[in-house]
Ligand code: HEM
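Residue numbers (my numbering): 10 to 157.
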């Protein structure tokens, strides 16, 4: 059971963190280098829409498996590193929910009306928040792996 929980936890973490790495370091710079408006924002929004469904699934996996490891030990007895991961994880999930329901939804509505300046501003906001989440994710992973 412990092995299965770690496996599901890693599945969620790798899909979410790997997807953010791909968007930040590959998809976004390539889209800016190769495409103009409106193809660039259209490609970015269409690919993010697909990726975000995977992120919701990863969040369910991370929360369920993370709490599945933490609850049997008990919050009072869980190591500090686990509390840190739980706290950072909750912040990442709240940030993602904000990205999804605020700038992403705004960008989609603006794209439907072809208001490309609004789409660009929303995509820029999402970029800043995704960078923050990517950094937080690596801090959480560094804490549980280095602080043993
Ligand atoms: C918010 C809910 C979360 C909870 C309750 C949670 C809890 C835990 C716990 C209890 C462990 C086991 C640590 C150990 O065995 O020493 C763990 C490991 C881990 N967590 Fe989380 N976590 C959460 C979110 C996340 C997030 C958002 C990420 C990725 C960004 C993540 C990535 C990892 C990784 C990579 C490990 C190491 C697994 C291993 O030992 O091989 N966790 N987490």
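Don't be surprised by glycine CBs; every beta carbon is placed ideally from N, CA and C. Since we're looking at a predicted model, the values are computed, not measured.
Along the length of the stretch 61-133, whole beta strand (DSSP E) runs at least 3 residues long do not occur. Inclusion of residue 98 in the 7 Å shell around the ligand HEM follows from its C-beta lying nearer than that to a non-hydrogen atom of the ligand. The Cβ atoms of residue 97 and residue 135 lie no closer than 8 Å to each other.
Judged by DSSP in its simplified three-state form, residue 47 adopts coil rather than helix or strand.
A contact between stretches requires three or more CB pairs, one per stretch, nearer than 8 Å, and the stretch 49-64 meets this requirement with the stretch 121-134. Boundaries of the alpha helix (DSSP H) harbouring residue 29: 11-31, taken from the DSSP string. Shown here, residue 59 sits in a helix according to DSSP, grouped into three states.
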